[in-house]
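In the UniProt record's numbering, the protein residues as written are 1 to 80.
Note that CB positions come from ideal geometry on N, CA and C, so glycine has one too.
This report concerns only the one structure given below.
Dropping the structure here:
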């Protein structure tokens with residue numbers, strides 16, 4: 001289920017993305033993603049996080065960029 005995002009919500013998601021992009025390179029790597037999901041859902045298993053990372057990393061470059069993050073957030077963030 002997709003939800004239409006307001007510019008304000010996109011800005012808030014960008015801030016969340018930037019918070020977890022620890023090195024500020026505009027991408028979230030696997031370790032940063034593990035940190036993100038264990039904050040959101042402390043009972044999440046690392047193996048599930050790794051699987052989710054691979055699904056979200058649509059271009060398979062080993063990083064989640066903001067567009068990939070936004071698509072995940074908009075579509076299915078609550079499943080994690």
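Nearest-angstrom Cα separation, counted from residue j out to residue i
i	j	result
residue 56	residue 64	7 Å
residue 60	residue 38	22 Å
residue 42	residue 48	12 Å
residue 62	residue 7	28 Å
residue 67	residue 40	20 Å
residue 23	residue 45	24 Å
residue 35	residue 76	18 Å
Sub-8 Å separation of residue i and residue j beta-carbons
i	j	result
residue 28	residue 70	no
residue 30	residue 74	no
Identity of the residue in the options nearest residue i by Cα
i	options	result
residue 51	75, 41, 73 and 33	33
Neighbour-count burial assignment, residue i, 16 or more Cβ in a 10 Å radius
i	result
residue 21	buried
residue 17	buried
residue 19	exposed
residue 79	Confidence at residue 79 is low in this model, with a pLDDT of 49, below 50, so the placement of that residue should be treated as unreliable; the coordinate-derived value is given next. It counts as exposed.
- Message: Extract the residue ranges of the alpha helix (DSSP H) inside the UniProt domain "EF-hand" (8-43), only unbroken runs of 4 or more that lie entirely within it.
- Response: 30-40
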